[in-house]
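Numbering (my numbering), first residue to last: 274 to 709. Below is one structure; the comments refer to it alone.
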């Protein structure tokens, strides 16, 4: 029996499949004539290749090659890779804790997960993986790399990586550990300002967020003076959880709209006027590792005027994927829709431009983004976004006079401490009209 796992997706897959079935019915012989060629080639290989072959490996390779002709976020997973994906979504697996993406023929680091072997070894966004256990990785996709990095806790894996500024690649021997994706953590500043970091959107992220805020509110004596929502290095995840997180801070209006092929199969998610947090001052921290579901949250809170977004331009992934479990335990992750913020913006390629541009380090510019991925969807204007339009609005990027270890967090804290004055000094943002 087929099973659907929705990753950053809220559209009904049945509608999309129905369109394809109807089209196939009009020309029933078309696709199957091409399958005759595939079957013929498979038979030739099985019967004539100089060495015995693994039929499953051949078929999986053919499917993977077919998916390679699509966008970089569609992929095929063999049963082992699909099982690993489900473990990640459920929040616990054996591995090193790297979020990866494919850039051309290379696999690069989107973000290391906090308190994992990879983060402790010093991996950074933008690092390019060269080898895993001596195997050259040129031409790999991130799913292959994830499969190679996962394994029983306590076992070793050696990773060779290259970073901008290094004369030579460096090797890291990592001991795999149980990677527990505790997706939400928080702390209190000034006895009243809540800092909440969401690392990824997985099962029960919204429930963890609610418990974290309740705990911080109790620690603050029953009242919070403001909230910093940190979505930096958050690669996304389950869309339904992102919608619930945005809904927690919004008392009405559109959160996100998804549209399938040709602008059809429109799904609109709206905030509900219940179980919301009070309208305390709020900032959202973003960077180049803020992607997909986390961009949906940032865009919804920005367009609705609920929060001020601080940091650097986000990743720019404006598409929706659905994961389909196949009969043999393998999985197909397929892009089925684009998503839009409440004002109707598509952030594909562009990302979310912060209200206040604050760089954390020079490494911000090296982080991989959607526009770097071959085969990515173009923006809604039909072409690549001009470089000038991706730069921050005036004034120039803000660098705190006395930067601490985290200049973006420092600016966010200062904003909450002087909220009324801060709001008056913000650069004039473009007018965004959120839909009711």
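Built from N, CA and C at the ideal position, the CB exists for glycine as well. Treat the numbers as computed from the prediction; the structure is a model and nothing was measured.
Between the stretch 522-541 and the stretch 594-605, the count of Cβ pairs shorter than 8 Å is below three; the stretches do not touch. Between the alpha carbons of residue 695 and residue 499 lies a distance of about 13 Å. Around the C-beta of residue 342, fewer than 16 other C-beta atoms lie within 10 Å, and the residue is accordingly described as exposed. Separation of residue 353 and residue 369 (C-alpha to C-alpha, rounded to the nearest whole angstrom) is 17 Å. Residue nearest to residue 380 within the set 579, 402 and 388 is 402 (criterion: CA-CA distance).
In this structure, the alpha-carbon of residue 387 lies about 12 Å from that of residue 505.
Where residue 352 is concerned, the enclosing alpha helix (DSSP H) starts and stops at 352-363.
Burial is judged here by how many other beta carbons sit within 10 angstroms of a residue's own beta carbon; residue 630 has at least 16 and is buried. Burial is judged here by how many other beta carbons sit within 10 angstroms of a residue's own beta carbon; residue 413 has at least 16 and is buried.
Of 683, 688, 512 and 551, the smallest CA-CA separation from residue 611 is found for 512.
The beta-carbon separation of residue 555 and residue 515, rounded to 16 Å, does not stay under the 8 Å limit for a contact.
Rounded to the nearest angstrom, the Cβ distance from residue 461 to residue 487 is 13 Å, too far for a contact under 8 Å. Under the criterion of beta carbons closer than 8 Å, residue 398 and residue 375 do not qualify as touching, at roughly 15 Å.
Our two residues, residue 466 and residue 472, have alpha carbons roughly 19 Å apart in a direct line. Looking at the DSSP output, residue 401 sits in a beta bridge with 381 and 435.
Distance from the Cα of residue 481 is smallest, within the candidate group 446, 521 and 443, for 521. Here residue 463 has no same chain residue with a Cβ atom under 6 Å from its own Cβ, once five neighbours each way along the sequence are excluded. Annotated as proximal: residue 424 and residue 449, with beta-carbon spacing under 8 Å.
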